[in-house]
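0 is the number of the first residue of the sequence shown in numbering that gives the first Met the number 0; add one for each residue after it.
C-beta: ideal position from N, C-alpha, C; glycine also.
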Amino acid sequence: MKRVLIIGSSGSGKSTLARQLGAKLELPVVHLDRHYWHPGWVGTPHDEWQRTVAKLVQREEWIIDGNYRSTLEMRLEAADSVVFLDLPPWICALRAVKRRIQYHNRPRPDIADGCKEPLFDPQLIQFLRHVLSYPDRAKPYVMNQLAAIANEKHVLLLQSTKDVNNFLSAPQDYPSLNLVRSRQLTAKPQMAQLNLD
0 MKRVLIIGSS GSGKSTLARQ LGAKLELPVV HLDRHYWHPG WVGTPHDEWQ RTVAKLVQRE
60 EWIIDGNYRS TLEMRLEAAD SVVFLDLPPW ICALRAVKRR IQYHNRPRPD IADGCKEPLF
120 DPQLIQFLRH VLSYPDRAKP YVMNQLAAIA NEKHVLLLQS TKDVNNFLSA PQDYPSLNLV
180 RSRQLTAKPQ MAQLNLD
């Protein structure tokens, strides 16, 4: 595990896991949010973002956390290991709200300076709906992408806090998706939705 990609819904704990895993494996951690967002929550233009991610994945060692569908295939190709945090959506929603309270009016450690976390804003309800809809909106596409590479890369599916803790205790030994994918993939046969984070 020298190039580890961590993906999952907002609020699933990607950045926290990235920091914990980085400390355990002694690998540098790259938070995509920190590179994408600029002060005042201004996003990076598409072409520049493609170039930025292309440079990041060329490094010899990394743990990269974040979604950003437009660069997912690029990151999957460069990674040797992929961790999909597939926690229940209500847990992700609660964590997302908790994060807003914890970092109210100041930037999170995984975000660029000048991007303060709002406690309440007009988009909060829409954001929570976005998080709660992840299993139907985004997960089928992600699972399809992971199934396509499961036989050639170390793909890990973590579905609970217990899974995350077990994984952190022995990252190299955690079972790959190719060992369990037949059980997981039969749950959602439709995998055509492409409108996601």
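Out of the options, state which residue places its alpha-carbon closest to the alpha-carbon of residue i.
i      : options                           : result
Asp85  : Ile5, Arg2, Leu156 and Ser175     : Leu156
Tyr35  : Leu26, Leu55 and Pro87            : Leu55
Pro134 : Val29, Trp40 and Phe83            : Phe83
Leu31  : Glu72, His45, Asp109 and Ala137   : Asp109
Asn150 : Asp79, Arg2, Gln19 and Ala95      : Asp79
Gly10  : Gln171, Ser159, Tyr173 and Phe166 : Ser159
Leu145 : Pro121, Val3, Leu75 and Glu59     : Leu75
Ala77  : Asn165, Val3 and Glu25            : Val3
Lys1   : Asn165, Glu72, Leu123 and Lys152  : Lys152
Note the first and the last residue of the continuous alpha helix (DSSP H) segment covering residue i.
i      : result
Asp135 : Tyr133 to Arg136
His103 : Here His103 belongs to no alpha helix (DSSP H), and DSSP marks it neither H nor E.
Ser14  : Lys13 to Leu24
Arg33  : Leu31 to Tyr35
Asp46  : His45 to Val56
Taking a contact to mean a Cβ-Cβ separation below 7 Å, would you say residue i touches residue j in this structure?
i      : j      : result
Ala92  : Val130 : yes
Val154 : Leu176 : yes
Trp61  : Pro88  : no
Ala111 : Arg33  : yes
Asp64  : Ile5   : yes
Pro44  : Gly113 : no
Gly21  : Lys13  : no
Within the continuous beta strand (DSSP E) that includes residue i, where are the two ends?
i     : result
Gly65 : Note, Gly65: premise wrong, no beta strand (DSSP E); not H, not E.
Arg2  : Arg2 to Gly7
Could you check whether the Cβ of residue i sits closer than 6 Å to any heavy atom belonging to the ligand FMN?
i      : result
Arg107 : With respect to the ligand FMN, the structure offers nothing, as it holds no ligand at all.
Can you name, in chain order, every residue of its own chain whose Cβ lies under 6 Å from the Cβ of residue i, other than the five neighbours on each side?
i      : result
Val163 : Leu157
Thr70  : Val52
Tyr173 : Leu155 and Phe166
Trp40  : Cys114
Is the Cβ of residue i closer than 7 Å to any Cβ of chain B?
i    : result
Ile5 : No chain B appears in this structure, which consists of one protein chain only.
Output needed for residue i: all residues of its chain with C-beta closer than 8 Å, excluding positions within five of it in sequence on either side, in chain order.
i      : result
Ile100 : Leu118
Tyr67  : Leu31, Tyr35, Trp48, Val52 and Asp196
Thr15  : none
Leaving aside the five residues before and after residue i along the sequence, list all residues of the same chain whose C-beta is less than 7 Å from its C-beta, in chain order.
i      : result
Gly42  : Tyr35 and Trp36
Lys115 : Asn104, Arg105 and Pro106
Gln192 : The pLDDT assigned to Gln192 is 36, lower than 50, so where the model puts this residue is not dependable, and the model offers no usable value.
Q: Just list the beta strand (DSSP E) runs in the stretch 135-165, keeping only unbroken ones of 3 residues or longer that don't cross its boundaries, in chain order.
A: 153-157
Q: Let me know the alpha helix (DSSP H) ranges lying completely inside the stretch 74-129, each 4 residues or longer, listed in chain order.
A: 88-101
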